Amino acid sequence: MGSLSTSIADGAITAAKLAPGVAGTALLTVVDVRDFGTVGDWSAIGDAIAAAAAAAARTVFIPAGTWTGSTTLAPPVMPNGSLIVRGAGPGATNLVYTGTGHAIQFGDGGGTDTRYQGLADLTLTGTSAAAGAVKFNHSRFCGVERVEIKDFTAA
Numbered sequence: 140m141g142s143l144s145t146s147i148a149d150g151a152i153t154a155a156k157l158a159p160g161v162a163g164t165a166l167l168t169v170v171d172v173r174d175f176g177t178v179g180d181w182s183a184i185g186d187a188i189a190a191a192a193a194a195a196a197r198t199v200f201i202p203a204g205t206w207t208g209s210t211t212l213a214p215p216v217m218p219n220g221s222l223i224v225r226g227a228g229p230g231a232t233n234l235v236y237t238g239t240g241h242a243i244q245f246g247d248g249g250g251t252d253t254r255y256q257g258l259a260d261l262t263l264t265g266t267s268a269a270a271g272a273v274k275f276n277h278s279r280f281c282g283v284e285r286v287e288i289k290d291f292t293a294a
């Protein structure tokens with residue numbers, strides 16, 4: 140079972156282990172990627188994003204380290220909520236994308252508005268084969284803060 144958290148203090152996660160359906164789950168705001176795999180495990184990020192959406196959490200926290208993967212990370216559309224994928228800081232949390240699509244894609248492209256979603260505090264590195272770093276579909280009030288994007292060179 141993953142760890143869901145209510146706060147980030149001084150870069151550390153304060154976690155509360157809860158089973159699905161436990162009262163108060165809707166009040167949780169942070170899902171820590173480490174509880175879904177080891178540092179560097181790209182699939183753990185996807186699992187944490189899915190858990191955050193299911194628990195109506197507001198933030199997926201990716202700690203310092205290098206995380207490498209080739210599948211697009213795709214936070215689900217949350218029309219009535221927000222979801223921020225947040226690292227420990229540029230140069231500290233490094234996502235290395237080796238696939239051919241977009242590294243991260245917000246929204247489904249099917250016309251449903253994506254609101255209040257974004258990416259913050261990390262470095263995203265790609266390859267010449269990647270279509271792009273970050274894609275927002277049908278998005279409102281979404282953004283990128285303190286994110287270093289490197290080496291996405293495909294036309």
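For the working numbering, add 139 to where a residue sits in the sequence shown, where the first one is 1.
Cβ coordinates follow ideal geometry from the N, Cα and C atoms, glycine included.
It should be emphasised that the depicted structure is a prediction, and the values quoted were computed from it without experimental measurement.
| 7 Å CB neighbourhood of GLY238 in its chain, flanking five on each side removed | Within the same chain, GLY238 has close Cβ partners SER209, THR210, THR211 and ALA269.
| Sequence-distant residues of its chain with Cβ nearer than 8 Å to VAL283 (five each side left out) | Excluding sequence neighbours, VAL283 sits near GLY257, LEU258, ALA259 and VAL273.
| query | For ASP260, does the three-state DSSP call read helix, strand or coil? | reply | Strand at ASP260.
| Length-filtered (4 minimum) alpha helix (DSSP H) runs lying within the segment 179-235 | Counting whole runs of 4 or more residues, the segment 179-235 contains the alpha helix (DSSP H) stretches 181-193.
| task | Could you pull the start and end residues of the beta strand (DSSP E) that ARG285 belongs to? | result | Looking at the DSSP string, the run of the beta strand (DSSP E) that includes ARG285 is 282-289.
| query | ALA187 and VAL199: beta carbons closer than 7 Å? | reply | Their beta carbons are under 7 Å apart, which means ALA187 touches VAL199 by this criterion.
| task | Flag this pair as yes or no: are the beta carbons of ALA203 and VAL170 separated by less than 7 Å? | result | Result no, Cβ atoms of ALA203 and VAL170 do not sit closer than 7 Å.
| field | DSSP beta-bridge partners of ARG173 | value | DSSP, once it has assigned bridges, lists no residue as partnering ARG173.
| message | Give me the residue from ARG225, SER221, ALA213 and ALA193 with the minimum Cα distance to VAL172. | response | Comparing Cα positions, the closest option is ARG225.
| query | Which one of ASN276, ALA183, SER278 and THR232 has the shortest CA to CA distance from ARG285? | reply | Closest by C-alpha distance to ARG285, out of ASN276, ALA183, SER278 and THR232, is THR232.
| query | Between TYR255 and PHE280, is the Cβ-Cβ spacing less than 7 Å? | reply | Taking C-beta atoms as the reference points, TYR255 and PHE280 count as a pair closer than 7 Å.
| query | So which of GLY228, PRO214, GLY176 and TRP181 has the shortest CA-CA distance to LEU261? | reply | Checking every option, the nearest Cα to that of LEU261 belongs to GLY228.
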